[in-house]
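Take a look at the structure set out below.
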Amino acid sequence: MVMELISVFIALIVCFYASYSDIKRGLIPNRLTFPVIGLGLAFNALRAYTEADPWIFIYTAIFTAGIFALGYILWRMGAWAGGDVKLFTAITALLPFQPSIVGYTLGGVAFPVTAAYPFPLTLIINSILSLLPFLLVYVFFIIYTSRRDLMDEFMEPLKHYKTNMVLALVITSAVTLTFIVTDFLPFQIIVLSLILIYLLTMVISRLPNRVKAVIVSVIIVYSLYRNFELTVSGVVVLWVSITAIQLIRKLLTSITREALQDTMHLDELREGMILAHTLYRKGDEYYFDDTSFTDRFRTAARTGDVSALTYRGEPVISAMAAGLREEEIQTLRDLVDEGKIRDEFRVRRGLPFAPAIFIGLVISLLVGDLAVILFKVFDLVF
């Protein structure tokens, strides 16, 4: 138990320092991860000796090698940076098994919730699931500290509060009409009701403003008469939800794109920097593809050319987390000298992944495997 507590303490300190270094300098130093890998293997070898159980060290070595191999593959694919791979490997060497430092019951469920697969995979899953809330906080931090010009764009949905209130009233009217219609049906199907709500919302929204105002007013008055508190609370919740969704959507799309990207010239590019878009070649033409899948789908639907969905040309330099290599920078230099591309490149700010690993570790220790918990929730709901 004491050795397990020491391992957990070291893992938390290592992840915390790695998070600080990743945010501050954009890297996780080798002098941190390499010694911890060796320390973890030695520590679990000592634990195997003291507990007279050689399988502790055998499993530690297998899990450590397996996580490193998985991370290496993802690094080669450009999905992970090298520092992230080594940090996961270090934590695996320290904590190859689910630590039993806490135990409690909530709602009849024992926590932390464990999975059938090894603890290091739980850590990876939880870290990935923790990335979204960290991304939101990180982007907002950048906006507040260095990109104040994006604050007005981010707050734009709040300026449309009247439009959002009208939409909330329209949806409430659609819900009320759906309840009236389904009361006359001999069966109740949730999916059918949701489809009907969506269709009615679309129909009412497209009516002329005066007609829409009259219809919505009549239905809302009827709904207030039937259940005043439910109607008022429903409209307020819808209004707040619509505004919140628009804010989050803004944060995850245009705001994130601008906050996490910089425009640089060739002489400013350095090894490890991440291009915002992949460089493709079609024949003698070179171009950076900044179109989304939605844009390509619309183009394919408009032109009838479905090849636009899959084939964008031969990739020359990919926009992956591994970052630019020296030879790729030289390729860009040659293309600029030949006049085939402009001396202007969109570069992504590397999103620090170490803080998500730290959050994932804390969740893994105190709550358990989020994927298993989500599956249990889905089983209860559906």
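Mapping of the sequence shown onto this note's numbering: residues 6 to 387, in sequence order. Ideal placement from N, C-alpha and C gives every residue a C-beta, glycine not left out. On a predicted model such as this, the values are computed, not experimentally measured, just so you know.
At least 8 Å separates the beta-carbon of G373 from that of F159. Contact between the segment 338 to 351 and the segment 92 to 99 is absent, with fewer than three C-beta pairs closer than 8 Å. Each residue's CA atom was taken as its position, placing V41 and E343 some 47 Å apart. Of the candidates R275, A281 and V186, the residue whose Cα lies closest to the Cα of Q266 is A281. Around D295, the same chain offers A281, H282 and R351 as residues with beta carbons nearer than 8 Å, after the five sequence neighbours per side are excluded. DSSP places P123 outside any alpha helix (DSSP H), giving it a letter other than H or E. In the structure shown, L111 falls within a strand segment according to DSSP collapsed to helix, strand and coil. Rounded to the nearest whole angstrom, the C-alpha separation of N214 and V171 is 11 Å. Ranking Y25, L17, A95 and A86 by CA distance to the CA of A47 puts A95 first. By a beta-carbon distance limit of 8 Å, P357 contacts I28. Their separation comes to about 5 Å. Beta-bridge partners of V352 (DSSP): D267 and L280. Among the bridge pairs identified by DSSP, R286 is matched with Y291 and E319.
DSSP places Q103 outside any alpha helix (DSSP H), giving it a letter other than H or E. Counting every other CB atom within 10 Å of its CB across the protein chains shown gives D89 a total of 16 or more, marking it as buried. Beta-carbon to beta-carbon, G328 and I362 are separated by about 18 Å, too far to satisfy the 8 Å threshold. In the pairwise beta carbon analysis, the segment 228 to 243 is classified as not touching the segment 200 to 215: fewer than three pairs are separated by under 8 Å.
Per DSSP, reduced to three states, the secondary structure at G31 is coil, with no helix or strand assignment. With respect to the C-alpha of R354, the residue from E9, I11 and R30 having the closest C-alpha is R30. For the set L111, F139 and A66, the Cα lying nearest the Cα of P123 is the one of A66. S238 sits exposed, since fewer than 16 C-beta atoms from the chains shown fall within 10 Å of its C-beta. For the set L128, V223 and P138, the Cα lying nearest the Cα of F68 is the one of L128. Under the DSSP assignment, W85 falls outside any alpha helix (DSSP H); it carries neither an H nor an E label. Non-local beta-carbon contacts of I61 in its own chain, meaning distances under 7 Å to residues more than five positions away in sequence, involve N49, R52 and A53 in chain order. Here the alpha carbons of L75 and F21 stand approximately 23 Å from one another.
In the three-state scheme derived from DSSP, where H, G and I count as helix and E and B as strand, F116 is classed as strand. In the assembly as shown, K287 is an exposed residue. Its beta-carbon has fewer than 16 other beta-carbons within 10 Å. Considered as a whole, the segment 203 to 227 harbours no complete run of any alpha helix (DSSP H) with no fewer than 4 residues. A distance below 7 Å between beta-carbons, with the five flanking residues on each side excluded, links S198 to the following residues of its chain, in chain order: T183 and T187.
If you look at N232, you'll find it isn't in any alpha helix (DSSP H); DSSP assigns it neither H nor E.
A Cβ-Cβ distance of about 18 Å is found for the pair N169 and I260, leaving them out of contact under the 8 Å criterion. For G45, the secondary structure class from DSSP, reduced to helix, strand or coil, is helix. A distance below 7 Å between beta-carbons, with the five flanking residues on each side excluded, links L37 to the following residues of its chain, in chain order: V19, Y22 and A23. At the C-beta level, I72 and E9 stay beyond 8 Å of one another. The residue among E56, I78, D58 and P104 with its C-alpha nearest the C-alpha of I368 is P104.
Under the DSSP assignment, F159 falls in the alpha helix (DSSP H) whose first and last residues are M156 to F159. In this structure the segment 140 to 149 does not lie against the segment 214 to 227, because fewer than three pairs of beta carbons, one per stretch, are closer than 8 Å.
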